[in-house]
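Peer 1:
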Amino acid sequence: MHVLVALSQQVIKQQINLFQEDWCIDMLCGLIKQANERIDRVRLTASSSIITLIHKSAIDIPYIPHINELRKIFPQDPTQLINPSESFSITVKAIKLDTYRKSVLSGLVISIGGVSESVIRAASSSLLEQIKEVSQDQELLDRFTVSLTEVYNDCIKQPRLLVPFLKLTDSLLTNACFEEYRGDPGSFPDQLFTYTQSCTKKTKDVKRVLASIDVFCGLLQFQGQVQTKVLSHMMDLLCHPIFPRARKIAAEQLYLTLITYEELMSPDVVDEVNQILSDTLWNILEDRDLTQPRDRLCELFNLPIPAPRTPANVKESGIQKPQDFTFNEFVQRPF
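Position one of the sequence shown corresponds to residue 1 (the working numbering), numbered consecutively onward.
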C-alpha cells in the first residue's frame, strides 16, 4: 500500500496527465475498505497510507473525493489507529460519505463476520454509533440501504462472504437500525428477505442456514407482506430436509421473536403456538412426524400449509434396480 502511494506521487510529479480520476477513486476506496478490515496491521497500513495522501504528501494529490471531510476524520498521527476500538471509531465515520460508504461496509462485513471477539465488538459498536446518526436523515438512510444491497451483490459472487454478510445484517436488525421502515417497510425489508432466501436456497452450508435464521427473525419486526413471507419461510425451516439443527434453532429463535413481537399472533393462540415450538423435538423427529405440528402452526398463523415434499425423480438408466434382481442375477450382472 505504501508503494501505491509512492507510485502515485511519482506519477503526479513526473506526468500528471497519466494520473486519472477514476484510478484515484479506486485507490482511495480500496484503502478505505482495508482500513475497516479485521487484521490489525492491514488496517494500520491502509490508514497510514490514507493519512499520507491527505495530510503529509509533499505533492497535492488531485481527484481525492471528500478530501476535506477525510482530513477531519483521519488524524495526522497514525498511532491513534493501532487499537481496534480506536481505529474503527475513526475509520467507520467515512460511512457518511457517499463515495466511500460501500467500501466501509465491505470492510466491516469481513470484520464483523470474523472470529476475533475484540474486532467484532469494536467494529459493531462503531458501526452502530454511526448508524444512529445516519438514521436521523431519511435520505442518508435510504442511500445506506442501497449501499448495503450493493455489498450483497458483491458477496453473492464470493460465497465465503455470505455468512459474514448475514451476521452484519443481523447485527443491524437486532439493534433496530432500520426502525424507520417498520410502519412503512417499502422495498428494502422485502429486498433483504429475497436476498437472504436466495443465498440459502439449496445450500449445503449449515452455517449459512443458521445465520439466515437470525436475519429472518429480525425481519419479523417489519409490518406488511414481508412478515407473511418470513413466517411462511420459517415454517419451511422447521422441517428443513437436511439439517435437523436448523429446525431446532429455527424453533428456538421464532419462539424468542414471538415473545418480543407479540402482535405477530392473536392473543388466543399464543399459548398453543409457544407450546408447539418449545415441546416439539424438531431436531430428533423424522420429517413425517414434524408435518403435523408444523401444519398446525400454519393454521394458527393463518398461513397456507406447504405442499408435501416429493423425492426427486430417479433418472431411468435402462438398467434394472438391484432389488429387481434375484440374488444370483445380481452377483452375476456386469458392472
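Heads up, the beta-carbon is just placed ideally off N, CA and C, and yes, glycines get one too.
If you're wondering where the values come from, they're calculated on a predicted model, not measured in any experiment.
1. Do residue 74 and residue 113 have their beta-carbon atoms positioned less than 9 angstroms apart in this structure?
2. Roughly how far, in whole angstroms, is the beta-carbon of residue 134 from the beta-carbon of residue 144, given that I think they are within contact range, below 8 angstroms?
3. Quick one: grab the DSSP three-state call for residue 65.
4. Could you give the C-beta distance for residue 226 and residue 189, rounded to a whole number, given that I count them as a contact under 8 angstroms?
5. Can you tell which of 147, 109, 175 and 194 has the C-alpha that lies nearest to the C-alpha of residue 158?
6. Under the rule that 16 or more other beta-carbon atoms within 10 Å means buried, what is residue 246, buried or exposed?
7. On the criterion of 16 or more Cβ atoms from any shown chain inside 10 Å, does residue 313 qualify as buried, or is it exposed?
8. Roughly how many angstroms lie between the CA atoms of residue 274 and residue 30, to the nearest whole one?
9. Take residue 38 as the anchor and find which of 57, 123, 92 and 306 has the nearest alpha-carbon.
10. Hey, would you say residue 193 sits closer than 9 angstroms to residue 233, going by beta carbons?
11. Would you mind stating whether residue 238 and residue 296 have Cβ atoms separated by less than 9 angstroms?
12. Report yes if the C-beta distance between residue 148 and residue 172 is below 9 angstroms; otherwise report no.
13. Looking only at C-alpha atoms, which of 303, 132, 251 and 23 sits nearest to residue 179?
14. Are the C-beta atoms of residue 38 and some chain B residue less than 9 angstroms apart?
15. Please return the same chain residues whose Cβ sits closer than 6 angstroms to the Cβ of residue 160, not counting the five positions on each side in sequence.
16. Can you list, in chain order, the residues of its chain whose CB lies under 8 angstroms from that of residue 13, leaving out five sequence neighbours each side?
17. Just tell me which of 19, 67, 62 and 6 has its CA closest to the CA of residue 32.
18. To test your reading of the DSSP string, which unbroken alpha helix (DSSP H) runs of 4 or more residues are found completely within the region 193-258?
19. Would the C-beta of residue 128 count as close to the ligand COA, meaning under 8 angstroms from any of its heavy atoms?
20. Write down the C-beta distance between residue 243 and residue 209 rounded to the nearest angstrom, noting that I regard them as a contact closer than 8 angstroms.
21. Measuring straight from C-alpha to C-alpha, what distance separates residue 169 and residue 54?
22. Can you tell which of 78, 25, 107 and 137 has the C-alpha that lies nearest to the C-alpha of residue 99?
23. Would you tell me roughly how many angstroms separate the C-alpha atoms of residue 288 and residue 177, rounded to the nearest one?
24. Does DSSP put residue 298 in a helix, in a strand, or in coil?
25. Does residue 72 come out as helix, strand or coil in the three-state DSSP assignment?
26. For the alpha helix (DSSP H) that residue 93 lies in, which residues bound it at each end?
27. What span of residues does the alpha helix (DSSP H) with residue 351 cover, start to end?
28. Which of helix, strand or coil does DSSP assign to residue 103?
29. Starting from the C-beta of residue 336, find all residues in its chain whose C-beta is less than 7 angstroms away, skip the five residues before and the five after it, and write them out in chain order.
Peer 2: Straight from the coordinates:
1. Start at 1 with the first residue of the sequence shown, and residue 113 comes out as number 113. Start at 1 with the first residue of the sequence shown, and residue 74 comes out as number 74. Against a cut-off of 9 angstroms, the Cβ pair of residue 74 and residue 113 comes out as no contact.
2. Counted from its first residue, the sequence shown places residue 134 at position 134. Counted from its first residue, the sequence shown places residue 144 at position 144. About 5 angstroms separates the two Cβ atoms, so the contact holds.
3. On the sequence shown, position 65 is the one that residue 65 refers to. Looking at residue 65 - three-state DSSP - the assignment turns out to be coil, as it is neither helix nor strand.
4. In the sequence shown, counting from the first residue as 1, residue 226 sits at position 226. In the sequence shown, counting from the first residue as 1, residue 189 sits at position 189. Indeed they touch by this definition, with Cβ atoms about 5 angstroms apart.
5. Here residue 158 refers to the residue found at position 158 when the sequence shown is read from its first residue. Answer by Cα proximity: 109.
6. Residue 246 sits at position 246 when you count from the first residue of the sequence shown. It is buried - the Cβ of residue 246 has at least 16 other Cβ atoms within 10 Å.
7. In the sequence shown, counting from the first residue as 1, residue 313 sits at position 313. Legend: pLDDT at residue 313 = 44, less than 50; position of this residue unreliable, value from coordinates given subsequently. Residue 313 should be labelled exposed.
8. Against the sequence shown, residue 274 aligns to sequence position 274. Against the sequence shown, residue 30 aligns to sequence position 30. So the alpha carbons of these two residues sit roughly 48 angstroms apart.
9. Numbered from 1 along the sequence shown, position 38 holds the residue referred to as residue 38. Nearest option by C-alpha distance: 123.
10. As a first step, residue 193 is located in the sequence shown; it is residue number 193 there, counting from the start. As a first step, residue 233 is located in the sequence shown; it is residue number 233 there, counting from the start. Contact flag set, yes.
11. Stepping through the sequence shown from its first residue, residue 238 is reached at position 238. Stepping through the sequence shown from its first residue, residue 296 is reached at position 296. Their beta carbons are not under 9 angstroms apart, which means residue 238 does not touch residue 296 by this criterion.
12. Counted from its first residue, the sequence shown places residue 148 at position 148. Counted from its first residue, the sequence shown places residue 172 at position 172. Contact flag set, yes.
13. Residue numbering aside, residue 179 sits at position 179 when the sequence shown is read from its first letter. Checking every option, the nearest Cα to that of residue 179 belongs to 132.
14. No chain B is part of this structure, which consists of one protein chain only.
15. Counted from its first residue, the sequence shown places residue 160 at position 160. The answer is none, since no qualifying residue turns up.
16. On the sequence shown, position 13 is the one that residue 13 refers to. Same-chain partners within the cutoff: 59.
17. In the sequence shown, counting from the first residue as 1, residue 32 sits at position 32. With distances taken between Cα atoms, residue 32 lies closest to 67.
18. 206-219 and 225-237
19. With respect to small molecules bound, the structure shown includes none, and the ligand COA cannot be examined in it.
20. Along the sequence shown, one-based indexing puts residue 243 at 243. Along the sequence shown, one-based indexing puts residue 209 at 209. Indeed they touch by this definition, with Cβ atoms about 6 angstroms apart.
21. Sequence index remark: in the sequence shown, residue 169 carries index 169 (1-based). Sequence index remark: in the sequence shown, residue 54 carries index 54 (1-based). Using only the alpha carbons, I get a separation of about 32 angstroms.
22. Here residue 99 is taken as the residue at index 99 of the sequence shown, counted from 1. Checking every option, the nearest Cα to that of residue 99 belongs to 25.
23. Within the sequence shown, the letter at position 288 stands for residue 288. Within the sequence shown, the letter at position 177 stands for residue 177. Distance between the alpha carbons of residue 288 and residue 177: 40 angstroms.
24. Start at 1 with the first residue of the sequence shown, and residue 298 comes out as number 298. In this structure, residue 298 counts as helix in the three-state DSSP scheme.
25. Reading the sequence shown from its first residue, position 72 is the one you call residue 72. Helix.
26. Here residue 93 refers to the residue found at position 93 of the sequence shown. Here residue 93 belongs to no alpha helix (DSSP H), and DSSP marks it neither H nor E.
27. Outside the shown range of the chain, which is 1 to 335, sits residue 351, and nothing can be said about it.
28. By 1-based counting over the sequence shown, the position of residue 103 is 103. Note: residue 103 maps to helix in three-state DSSP.
29. No statement about residue 336 is possible, as the shown extent of the chain runs from 1 to 335 and does not include it.
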